[in-house]
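Following: one structure in structure tokens, then a few remarks.
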Amino acid sequence: MPSRNILIPRDEISRTVPTRAVGRDAGRMATLAIVGSASDIAGLARARLMPLFGAGAEIGRRPPPGRLRTVVTLPDRSVSSYHAQITLDGETFVIEDKGSTNGTMVDGRPITGPTVLREGSVLFLGSQVLVFRTMTDVEIAAVEADLADPLAPVATLCPALATICSKLKRLAPSPSELFLLGETGVGKEVFANAIHVTSGRRGRMMAINCAALPRELVESELFGYERGAHSTAKDRKPGLIEAASGGTLFLDELAEMPLDVQSKLLRFLQDRKYMAIGSTRLETADVRIIAASSRVAGSTGSPAIQDALMGRLGAQPIQLPPLRERREDLGHLVSYFLGAVGCERPLAPDSFQALFLYNWPHNVRELQKVIIEAELLSRDTETITLDHLPLSIVEALEVPSADRPGSGSGSRSSGGVAAPRLRRAVPTEEELRALMSKFNGNVAHVANHLGRQWAVISRTLRRYQIDPAEYRPAGSEDLSAKLVEIDAGDGRDEGAEDEGDTLG
0 MPSRNILIPR DEISRTVPTR AVGRDAGRMA TLAIVGSASD IAGLARARLM PLFGAGAEIG
60 RRPPPGRLRT VVTLPDRSVS SYHAQITLDG ETFVIEDKGS TNGTMVDGRP ITGPTVLREG
120 SVLFLGSQVL VFRTMTDVEI AAVEADLADP LAPVATLCPA LATICSKLKR LAPSPSELFL
180 LGETGVGKEV FANAIHVTSG RRGRMMAINC AALPRELVES ELFGYERGAH STAKDRKPGL
240 IEAASGGTLF LDELAEMPLD VQSKLLRFLQ DRKYMAIGST RLETADVRII AASSRVAGST
300 GSPAIQDALM GRLGAQPIQL PPLRERREDL GHLVSYFLGA VGCERPLAPD SFQALFLYNW
360 PHNVRELQKV IIEAELLSRD TETITLDHLP LSIVEALEVP SADRPGSGSG SRSSGGVAAP
420 RLRRAVPTEE ELRALMSKFN GNVAHVANHL GRQWAVISRT LRRYQIDPAE YRPAGSEDLS
480 AKLVEIDAGD GRDEGAEDEG DTLG
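So, in structure tokens, the structure goes:
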């Protein structure tokens, strides 16, 4: 059956649709999240999901039409016409570079042969970033639904989070309580507010961080107090429950709430009646409770949440994934945070790659701080570079992916397990010139030989004022060292032949 090639707008993709899809098993399909390039900040907000129909994919700026394969078109001058190929090898998907100018990296390591793709593998093709996953039909539908109508301010490409968003959209109109569980900084309050907005409740959303208040103040903040209830109670003070009547009350870090106050909260949840401190009157409030915690209640070293209270907060906690488990969302988030401060300056490719290789221990909150600080530091420059990022993130470029938790790269010859590699020191000028001669000026091969990031070797070449072109055989051309100097989305003629392209 002949294939169809459907072109999708500029920074997106085209696909060849076969008669049926092939995945790692009958219930899952391989997908690529097309994150984009940081040379186009606005384009990052248009990141899309690409299911890989057939036995793999051809990827490039003008890739050949593949029979029974998806064709992924990346209109970016840093991407070669036929850059890479993904194929299904038994039950495993493998990526192979097709002799591209700027090379292909998997989880930060240049590849020189067929390389196994694992769940969440991050692919760097020129300045473009893609993330590989396998998904069920339900997960694909959830991602596409959130891209079309996001629950939170920023749409997600992560199947785990998209499935949660789909669930929360259905639960939002209900008055029932919810319990969100997630690491510090994942955005629990952001999602609580999104649930409140989606619920259509007329009242306000009020929030309290139970860990930030002294024990003796938590009860008075929740239920309020009457005049004369204690020595400083000169006037009546309404509590958050009263203030949130008709709306939503968000209780962050619920596990930090004193157990005696938890008992009073449980009583309120049973009949929506409460009594302010110093009062003898029962009050009623129509308030929806959304609680959250950054730790599993009852775990080692963690404060406890009463079992009865947990039972009132929903069938089970709704777990929000940490940022390191949804790297495909980094493009959307970077675009959102830069757009919030009116910044259109691009990130250098190596800076953007560093964000994907860093583990983000403090999650989205840390990313927001990093991006806002980088924007401030780069205001006298045209590009956000590594110089504007924290050292901890820059160092992520220096660490081979085999040494990072959750690495997604491996070689087919090793059965999909990447052997640990010792990272060699940055070479001296003489050593680097010898390696450039040995590898005919191919920067990607030199980087792979040294177990270093391509960007690190590229910067070292510039520091030593070494031109890779001096070491290439006559008639050959490899412009990879110039990648960081090029705006990949400059809009120049994309129909030019490879030989004439700046980064073809």
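With numbering that gives the first Met the number 0 applied, the sequence shown covers 0 to 503. Beta carbons: idealized from backbone N, C-alpha and C, even for Gly. Note that the structure is predicted; figures quoted are calculated from it, not measured.
Could you work out which residue in the options is closest to residue i when comparing CA atoms only?
i, options, result
"P257", "E220, S244 and A303", "A303"
"R461", "T427, V121 and F438", "T427"
"L505", "A353, R364 and R294", "This structure does not reach residue 505, given that the chain is present from 0 up to 503, and the question cannot be answered."
"S133", "A446, E220, L156 and G199", "For the sequence presented, residue 133 should be read as Thr rather than Ser. It is L156."
"N192", "R200, M204 and R117", "M204"
"V130", "W359, A433, Y463 and D328", "D328"
"R344", "I371, R451, R280 and M435", "I371"
"K236", "E218, E90, E252 and S457", "E218"
"R326", "R27, I58, L396 and S120", "S120"
"D234", "R214, G223 and A242", "G223"
"M309", "A254, Y273 and G450", "A254"
"K368", "L87, D349, A395 and V340", "V340"
"D349", "V128, A291 and D88", "V128"
"Q261", "I58, E225, E215 and E282", "E215"
"S212", "P158, A232, S198 and E252", "Per the sequence shown, residue 212 should be read as Leu rather than Ser. Cα-wise, what sits closest to L212 is E252."
"E241", "N208, T197 and R287", "R287"
"A347", "Q315, L385, L375 and R323", "L385"
"P109", "D466, A468, W453 and A473", "W453"
"P158", "A140, T283 and I392", "A140"
"T380", "V363, C342 and Y357", "C342"
"A151", "K166, V137 and E138", "K166"
Report yes if the CB atom of residue i is closer than 8 Å to the CB atom of residue j, and no otherwise.
i, j, result
"G202", "S244", "yes"
"A41", "S334", "yes"
"L160", "P320", "yes"
"V71", "A56", "yes"
"D285", "R294", "no"
"H331", "V153", "yes"
"I289", "L177", "yes"
"H387", "A373", "yes"
"E365", "G181", "no"
"V105", "T91", "no"
"H195", "T279", "no"
"T100", "I94", "no"
"F249", "A206", "yes"
"I317", "L124", "no"
"D96", "A83", "yes"
"V455", "E394", "no"
"R73", "L51", "In the sequence under discussion, the amino acid at residue 73 is Leu, which differs from the Arg named in the question. Not in contact: L73 and L51 (Cβ atoms no closer than 8 Å)."
"S436", "Y463", "no"
"G26", "T135", "yes"
"L268", "V142", "no"
"R61", "S80", "yes"
"G238", "A275", "yes"
"W359", "R311", "no"
Assign residue i to one of three DSSP states: helix, strand, or coil.
i, result
"V16", "Model confidence at V16 stands at a pLDDT of 33, short of 50, so the residue's coordinates are unreliable; what they give is reported in the following sentence. Coil."
"V196", "helix"
"V185", "coil"
"I304", "coil"
"L337", "helix"
"F397", "In the sequence as presented, Phe is not what sits at residue 397; that position holds Glu. Note: E397 maps to helix in three-state DSSP."
"V70", "strand"
"R76", "coil"
"V128", "strand"
"D466", "coil"
"T459", "helix"
"G35", "strand"
"S278", "coil"
"K272", "strand"
"Q84", "strand"
"A211", "coil"
"E57", "strand"
"D379", "coil"
"L388", "coil"
"F190", "helix"
"E343", "coil"
"L92", "Note on identity: in this sequence residue 92 is Phe, with Leu being the wrong assignment. Note: F92 maps to strand in three-state DSSP."
"S244", "coil"
Let me check one thing: in DSSP terms, what residues is residue i bridge-paired to?
i, result
"F249", "A206 and I289"
"P50", "T30"
"G223", "P237"
"Q315", "Answer is none; Q315 lacks a bridge partner."
"F351", "Answer by DSSP bridge pairing: none, since F351 is not bridged."
Within 8 Å of any Cβ in chain B, is that where the Cβ of residue i sits?
i, result
"A433", "Among the protein chains of the structure shown there is no chain B, as only one such chain exists."
- Can you list the beta strand (DSSP E) stretches of 3 or more residues lying completely in the segment 103 to 183, in chain order? 103 to 105, 114 to 116, 121 to 124, 127 to 134 and 177 to 180
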